[in-house]
Structures are given as C-alpha cells and as structure tokens.
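Numbering (this note's numbering), first residue to last: 8 to 292.
Okay, structure coming up:
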C-alpha cells in the first residue's frame, strides 16, 4: 500500500525566490547548468540590478547581448511565468532601499549626460560615485562573513595574497599593512613567471586572500586551485557572486566598485582590505 501511494506522489515545484538575494543564490547554484545565453543574462542581472528594475525588456536584452525571448526563457527556467516577475523582485528591493538605489540611478544619469568635461566635473563625478559605492559596501558585506574572514586570518600561520592587473595595488597594500602588524605574508603576483615559486609554501595552515574582478586572471585562478589542493583557507574578494572561484572559497566578500565614465575605482576594495587588516590587528592583541 505504502509503495503504491509513494508512486502516485508528485514532487512539489521549488518555491519561487521572494527576494533578489534569494534569486542570486539560486543563480549561483544553477550556473553550471545554464546555457551560454542564459549565463549572459545571469551575469547581467547580478551586475546591473538597477537596470533590471527600470529598463524595458528590449533595453535589458540589448545590454545583455541576447534576444528578448532569452530573457523570458531565463525567467521560465527559474520558475517564473515571465520576465516581468523577475523585474518585480528588483523593484521591490529598490522600494526597501529607496535612498541608496535612487541616488545610484541619479548618479548614472548625471555621468552619462553630455556637456563640457572639466577637471572639476570629473572630480565631482568620481568623488560622488565612490561615495555611493562605499555606502553600498556597508550594506552588502555581511557582518558574520566579515567576522569569519578575520578569524581565518587570525588562526593562520601565514597569509598569501594574490592580486594581479587592476587588483595588484590592493594586494600590495594588504601585504604592506599586514607586515606592519608583524603578520607573515607573501604576495603572489606572477612577476617573472614566478607564480609557482611564490605559492609553493602554501599549506593547510595558510590563508590565501584572492582579490579578482572580471575578467578573472589566470594567475589568481591557479593560486585558488593550488590553495584548495593544499587544504588552505581561501578568502575571496570579488565583484560578483558568479565569479567561478566562489564555489571553492571558504569566505566570499562581494565588492561593487564605482564605475564612472567607463573607469572603475579601487576605493571600496581598498576600504575592505584595510578593514580586514586592522580588524586582524585588534584580534591579535
């Protein structure tokens, strides 16, 4: 009887995400199963939440580099009847955080405007953009994740820091700051093709701090996988939940940098790195 009953049971469909955060978590979990086109949509959703809320279907499709029908297929894949239901999640988040997102939209419109570009205007644009990004950093970094990352640093015998190209200044700054509080640390930057030698002493008692933004550098990818093979803890500082290293990192810290006139800043990343270093200093006292 019981077997007959079980054979007639139907599985309940998974509950629809009710928040943007829940949707992003589901996207990350399903990323390996998405087609190439759906991955383009996923990346655009995660990296441009304000455009999803305010732009039309055609505008979003054009910016994401897909057809409008692909947006509908994306929504259907995650259980929504249409893409308008996905947009509703982003609009509701903006209602919950009106000042932050309205300021960001206002900033984007102002930067995209035409007119004479003067040094004073550029200073205003960059200062305003970075100010908004720093405010967003405070909202997005979860206290429990930040605390766990500091604890991992505190229990490590030595810290390896990998950051190349645009992230190189952040890696060097972290190395300098940690050295000032007597923390054994090493930079993995691949200079002179020496990345294998720079990371060869990573062990299970080490922590690797990987700082990488899209496009994700090969040197950082190699360091992350090497650290994982050695059993080291990995603290990942990146720009998106869809970064491929989020699946292997122990602690993930997402940073949305200011993007003003096509130039991305490092202010928020440096602020986060400074926070980790100073918090570690207090933890060691």
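All C-beta atoms, glycine included, are put in the ideal place defined by N, C-alpha and C.
Nearest C-alpha to residue 275 among 46, 283 and 168: 283. In the structure shown, the three-state DSSP call for residue 74 is coil.
In this structure residue 258 touches residue 156 by the C-beta definition: roughly 4 Å separates them, less than 8 Å. A check of alpha carbon separations from residue 265 across 178, 68 and 54 identifies 54 as the nearest.
With respect to the 8 Å criterion, residue 181 and residue 216 are classified as neighbours on the basis of their beta carbons. Between the alpha carbons of residue 176 and residue 223 lies a gap of roughly 16 Å. Bridge partners of residue 123 according to DSSP: none are assigned.
Here residue 217 is bridged, per DSSP, to 169 and 243. In summary, residue 252 is buried, with 16 or more beta-carbon neighbours lying within 10 Å of its beta-carbon over all protein chains present. The three-state reading of DSSP puts residue 291 in helix, counting H, G and I together. For the options 83, 46, 93 and 92, the alpha carbon positioned closest to that of residue 72 is the one of 46. Apart from sequence neighbours up to five positions away, the residues of its chain that approach residue 27 with a beta-carbon distance below 7 Å are 56, 96, 97 and 100, ordered along the chain. In this structure, the straight-line span from the alpha carbon of residue 51 to that of residue 232 is close to 26 Å.
In this structure the stretch 225–243 does not touch the stretch 136–152; the number of beta carbon pairs closer than 8 Å is below three.
DSSP, reduced to helix, strand and coil, places residue 260 within a strand of the structure shown. The beta carbon of residue 78 is closer than 7 Å to those of 48, 64, 67, 68 and 90 in its chain, skipping five residues each way along the sequence. Considering only 208, 24, 142 and 184, the residue with the shortest C-alpha distance to residue 234 is 208.
For residue 237, the closest C-alpha among the options 210, 159 and 34 is that of 210.
Counted as a single uninterrupted DSSP element, the alpha helix (DSSP H) harbouring residue 50 occupies residues 43–54. Between the alpha carbons of residue 80 and residue 204 lies a distance of about 46 Å.
Between residue 214 and residue 286, the gap from beta carbon to beta carbon reaches 8 Å or more.
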